[in-house]
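What follows is a short report on a single structure.
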Amino acid sequence: MSERTHEGGVMTSEPPSPDDGLTPEQLAAKYGLAVSGARPSLRAYVRQLWGRRHFILAFSSAKLAAQYSQAKLGQLWQVATPLLNAVVYFLIFGLILNAGKGMPKDVYIPFLVTGIFVFTFTQSSVMSGVRAISGNLGLVRALHFPRASLPVSFALQQLQQLLWSMLVLFLVVMAFGSYPDLSWALIVPVLALQFLFNTGLALIFARAGAKTPDLAQLMPFVLRTWMYASGVMFSIPVYLAEKPGWVSTVLQWNPTAVYMDLMRFALIEDYGSANLPDHVWMVAGGWAVLFAVGGFVYFWQAEERYGRG
């Protein structure tokens, strides 16, 4: 196209662009452009996470190795910390407050130690989940990867730490007369279900902690209350025998109490099925599936917002 100027010359002009009049969305669709960091579909996100499985395992192992690298006793603190907690709780609750009433000492001590170790597994998963995003912003902003890799790897780290601690737990249980038998095979499904539950919690609190970092300061108080309500130091049905029945039922069905009771049933010879709530395996599986699936979807919904702002 051309047009004549007032001096009599000819001025050429560019032909109209075929993109004239297109909206930004239409231009992006025409040239196959996508928003950087946009949230993928749930199915694609699962595939991406599976593709990072080697990173998740390596990252959790590295974090576990580095956790006590500055301490002289090193990895021994993985075992010493929950064991020292068990000693303190036994002195206060077992001897002074008689929280183990109705149980002989050779049952109560393994009962207490098992409860401490199992609850610590959930407690540590929650606390590491709270800081999974907010404590790793440099990594989140520098690299493109499914952000769920971080809370999942931290939950896996806590599982690895518990497996080391279980060696001491086995020694404590055997020292008080409970030896390996077929019931010990139940340890595997109990840990698998609790790991799924913990991973879901870690994902939920990772999203919450990414938006509100101060949550990390509040959670110790929440977790301490949860511990006291879960029967870590006492038998819920025995200690609450004089309370309305629904109170005992609600507390026994709370997730950490369910997993603790199942682990105690598996390990302690004199802790029979009469101590378990009704439909305990169905409840344990329900909590695991509900939080694992719900927590994953809840975390995925905010995928594109992590590390921004």
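According to full-length UniProt numbering, the residues represented by the sequence shown are 1 to 309, in order.
C-beta atoms are modelled at their ideal positions from N, C-alpha and C, and glycine is treated no differently.
If you're wondering where the values come from, they're calculated on a predicted model, not measured in any experiment.
*Assign N98 to one of three DSSP states: helix, strand, or coil.*
coil
*For R141, which residues from the same chain have a beta carbon less than 7 Å from its beta carbon, with the 5 sequence-adjacent residues on both sides left out?*
G307
*With I56 as the anchor, note down where its alpha helix (DSSP H) starts and where it stops.*
R53 to Q67
*Sequence-distant residues of its chain with Cβ nearer than 7 Å to P40 (five each side left out)*: Q48
*Can you tell me which of M233, G272, L262 and P277 puts its alpha carbon nearest to the alpha carbon of V247?*
P277
*Since A266 and V190 are thought to touch, with beta carbons under 8 Å apart, how far apart are those beta carbons, to the nearest angstrom?*
6 Å
*asked:* If you measure between the beta carbons of G115 and S235, is that distance less than 8 Å?
replied: no
_Which residue wins for smallest C-alpha separation from P82, given the options F121, L137 and L203?_
F121
*Can you tell which of D181, W300 and P255 has its C-alpha closest to the C-alpha of V289?*
P255
*For Y306, name the three-state secondary structure that DSSP assigns.*
coil
*asked:* Mapping the DSSP letters down to three states, classify Q301 as helix, strand or coil.
replied: coil
*With a Cβ-Cβ cutoff of 8 Å, do V118 and M260 count as a contact?*
yes
*Any idea what DSSP makes of P82, helix, strand or coil?*
helix
*Is it a yes or a no for the segment 199 to 213 touching the segment 281 to 299, going by three-plus beta-carbon pairs under 8 Å?*
yes
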